[in-house]
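Each residue of the sequence shown is one higher than the one before, starting from 0 at the first, in numbering that gives the first Met the number 0.
Positions of the beta carbon are idealized from the N, C-alpha and C atoms, including for glycine.
Keep in mind it's a predicted model, so treat the numbers as computed, not measured.
Report on the following structure.
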Amino acid sequence: MTTSLTIATKPIAGQKPGTSGLRKKTPVFMGPHYLENFVQAIFDVVGAKGKTFVLGGDGRYFNDRAAQVILRMAAANGAARVIVGQNAILSTPAASHLIRLNKTDGGIIMSASHNPGGPHEDFGVKFNMPNGGPAPEGVTEAMYERTTVISEYHIVESQDVDLSKVGRSDLAGMIVDVVDPVADYAALMETLFDFAAIRAMFAGGFRMRMDSMCAVTGPYATEILENRLGAAKGTVVNGTPLPDFGGMHPDPNPTWAKALMDEMFGPDAPDFGAASDGDGDRNMVVGAGIYVSPSDSLAVLAANAHLAPGYKAGLKGIARSMPTSAAADRVADALGIGKYETPTGWKFFGNLLDAGRATLCGEESFGTGSDHVREKDGLWAILLWLNILAVRKQSVAAIMAAHWAKFGRNYYSRHDFEAIASDKADAMMAALRASLPGLAGRGIEGMTIAAADDFAYTDPVDGSVSQKQGVRILFSDGSRIVLRLSGTGTEGATLRLYLERYAAGPEGLDLDPQEALAPVIRAAHALAGIADFTGRSEPNVIT
Ligand code: G1P
Ligand code: ZN
Numbered sequence: 000m001t002t003s004l005t006i007a008t009k010p011i012a013g014q015k016p017g018t019s020g021l022r023k024k025t026p027v028f029m030g031p032h033y034l035e036n037f038v039q040a041i042f043d044v045v046g047a048k049g050k051t052f053v054l055g056g057d058g059r060y061f062n063d064r065a066a067q068v069i070l071r072m073a074a075a076n077g078a079a080r081v082i083v084g085q086n087a088i089l090s091t092p093a094a095s096h097l098i099r100l101n102k103t104d105g106g107i108i109m110s111a112s113h114n115p116g117g118p119h120e121d122f123g124v125k126f127n128m129p130n131g132g133p134a135p136e137g138v139t140e141a142m143y144e145r146t147t148v149i150s151e152y153h154i155v156e157s158q159d160v161d162l163s164k165v166g167r168s169d170l171a172g173m174i175v176d177v178v179d180p181v182a183d184y185a186a187l188m189e190t191l192f193d194f195a196a197i198r199a200m201f202a203g204g205f206r207m208r209m210d211s212m213c214a215v216t217g218p219y220a221t222e223i224l225e226n227r228l229g230a231a232k233g234t235v236v237n238g239t240p241l242p243d244f245g246g247m248h249p250d251p252n253p254t255w256a257k258a259l260m261d262e263m264f265g266p267d268a269p270d271f272g273a274a275s276d277g278d279g280d281r282n283m284v285v286g287a288g289i290y291v292s293p294s295d296s297l298a299v300l301a302a303n304a305h306l307a308p309g310y311k312a313g314l315k316g317i318a319r320s321m322p323t324s325a326a327a328d329r330v331a332d333a334l335g336i337g338k339y340e341t342p343t344g345w346k347f348f349g350n351l352l353d354a355g356r357a358t359l360c361g362e363e364s365f366g367t368g369s370d371h372v373r374e375k376d377g378l379w380a381i382l383l384w385l386n387i388l389a390v391r392k393q394s395v396a397a398i399m400a401a402h403w404a405k406f407g408r409n410y411y412s413r414h415d416f417e418a419i420a421s422d423k424a425d426a427m428m429a430a431l432r433a434s435l436p437g438l439a440g441r442g443i444e445g446m447t448i449a450a451a452d453d454f455a456y457t458d459p460v461d462g463s464v465s466q467k468q469g470v471r472i473l474f475s476d477g478s479r480i481v482l483r484l485s486g487t488g489t490e491g492a493t494l495r496l497y498l499e500r501y502a503a504g505p506e507g508l509d510l511d512p513q514e515a516l517a518p519v520i521r522a523a524h525a526l527a528g529i530a531d532f533t534g535r536s537e538p539n540v541i542t
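Here it is in structure tokens:
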């Protein structure tokens, strides 16, 4: 027996979703009515009656309990059907795919991406639209508005739905379809990539290390890499999703994926290494003895995508976020296809993908993807790399060297200054913005400033304008400095300083990036007065 209940509630302050949904400390999400209020606000805005949704998450602490609440609320709000990943697990790209594949009315993803998970760490809920992509600002803003006036929510009283078994059941008249979280995603990957060629490469002794960081890609990577592609058992490490990610910080970068980096730079390094984040949308790739920056990875994938069956007809265009290096632009120019520079955040790629203007997209923050879903996709990027390696039969180092020899090299690095006082960060950015009109023509560190501005973006599809997306200082030799404040940090402000310098070659293509960038780094500190304003002369994370 199930009874539908209407529960009286009151608004809870601060339920404002960002571009990646609503993210808070887990105990906050577990507080009275907290999850329920937000989920009701979602259903109030998008409507639930007669609709079909996808539901899943990255397996972090509270994922299983939250899924039961969301299912009961979907039923009470009149949803017709929810497709839920077994054990409430779905990677973000797999959820995006299921939303599209089943032509549903959207989906709810439970994740705080690369943030640590556990009883005292982070939890999050986000809504994705019927196109499979994150809800745009207008929709998330409406959800937030709704949370400020909410007075009741609807939930059925029932036993837990058994999410451990694949199959169909009924919850108060709503169909619950528990699906294998991996199967449809793996099938999609088989349509995009030459699995036979990759299988032959593994059979020939190619060795790989995949670090799933105790997060959601474990089951996906094990099924695809080990079971379908024949990679050696044990290729996938940290392959079981754990509620606290085994205490790891599931963010695939050289700092947090240090064990992988050590192995890839060690004496017995495998041919290829990769890691992904909490919800499986980010990726890092490494060759034996060589780290591939995400900006370079996007450029190499773009230049070689035609080697994979899913992209053999060529690319329609390449989009990158503004702070991402211009390496991909050089590939777009060589291919004679469109190139797009968007503000930071995956949501800005959605229109370009939907309109068929861009096929590949990427961000310097370890995000790469294509028009196969509407989220960035970690395993997809890793499989495209494998496909390229299988066809070219060269090492990662050789492929990088050949790429730089052909296109030149965009030395690139991001310096993060985390947890600085917000007022100091704001004062620094304000002073920098005020100085921009006088910068053009000025010489510094042997370079000349060609232009300086605050990046504004006009969406070529819907004409919407986004202002103040980051300060850019462009030099006449192609070097560039970008400064912006993070929109996802949780403690004080995080200043991101993005540094780029172009070397045309043939000389100077194999420098250490920090050395190659030294004059650009000095110029950035001098122009922005980082130490004077923030008291910090060194970043605490360098990628
Ligand atoms: C960061 C990244 C950005 C990415 C976002 C969500 O945002 O820099 O590229 O889209 O996380 O994964 P930021 O903290 O810089 O605002
Ligand atoms: Zn993520």
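Residue i beta carbon near ligand 2 (any heavy atom closer than 7 Å)
i           : result
residue 113 : yes
residue 5   : no
residue 56  : no
residue 367 : no
residue 469 : no
residue 176 : no
residue 1   : no
residue 246 : no
residue 216 : no
residue 277 : yes
residue 18  : no
DSSP beta-bridge partners of residue i
i           : result
residue 360 : 318 and 368
residue 157 : Answer is none; residue 157 lacks a bridge partner.
residue 282 : 275
residue 11  : The partner list for residue 11 (beta bridge, DSSP) is empty, contrary to what the question assumes.
residue 151 : 7
residue 451 : 472
residue 338 : 317
residue 123 : 22
residue 207 : 271
residue 487 : Answer by DSSP bridge pairing: none, since residue 487 is not bridged.
residue 412 : 498
When the options are compared against residue i, the one with the closest alpha-carbon
i           : options               : result
residue 277 : 48, 492 and 58        : 58
residue 341 : 433, 463 and 475      : 463
residue 320 : 366, 292, 305 and 306 : 366
residue 291 : 304, 84 and 264       : 264
residue 16  : 47, 93 and 142        : 142
residue 181 : 74, 125 and 92        : 92
residue 409 : 228, 364 and 324      : 324
residue 427 : 363, 418 and 528      : 528
residue 296 : 403, 11 and 419       : 403
residue 411 : 532, 519, 378 and 433 : 519
residue 492 : 35, 284 and 482       : 482
residue 355 : 338, 480 and 450      : 338
residue 472 : 438, 303 and 94       : 438
residue 364 : 72, 187, 343 and 505  : 343
residue 287 : 399, 71 and 186       : 399
Beta-carbon spacing of residue i, residue j below 8 Å
i           : j           : result
residue 222 : residue 232 : no
residue 469 : residue 454 : yes
residue 196 : residue 27  : no
residue 101 : residue 25  : no
residue 215 : residue 279 : yes
residue 67  : residue 165 : no
residue 60  : residue 117 : yes
residue 127 : residue 133 : yes
residue 543 : residue 131 : Residue 543 lies beyond the range of the chain shown here (0 to 542); nothing can be said about it.
residue 523 : residue 484 : no
residue 83  : residue 162 : yes
residue 62  : residue 87  : yes
Proximity test, residue i beta-carbon vs ligand 1 heavy atom, cut-off 7 Å
i           : result
residue 362 : yes
residue 495 : yes
residue 103 : no
residue 341 : no
residue 379 : no
Residue environment, residue i, which counts as buried when at least 16 other CB atoms sit within 10 Å
i           : result
residue 467 : exposed
residue 539 : exposed
residue 405 : exposed
residue 293 : buried
residue 13  : exposed
residue 475 : exposed
residue 459 : exposed
residue 313 : exposed
residue 369 : buried
residue 281 : buried
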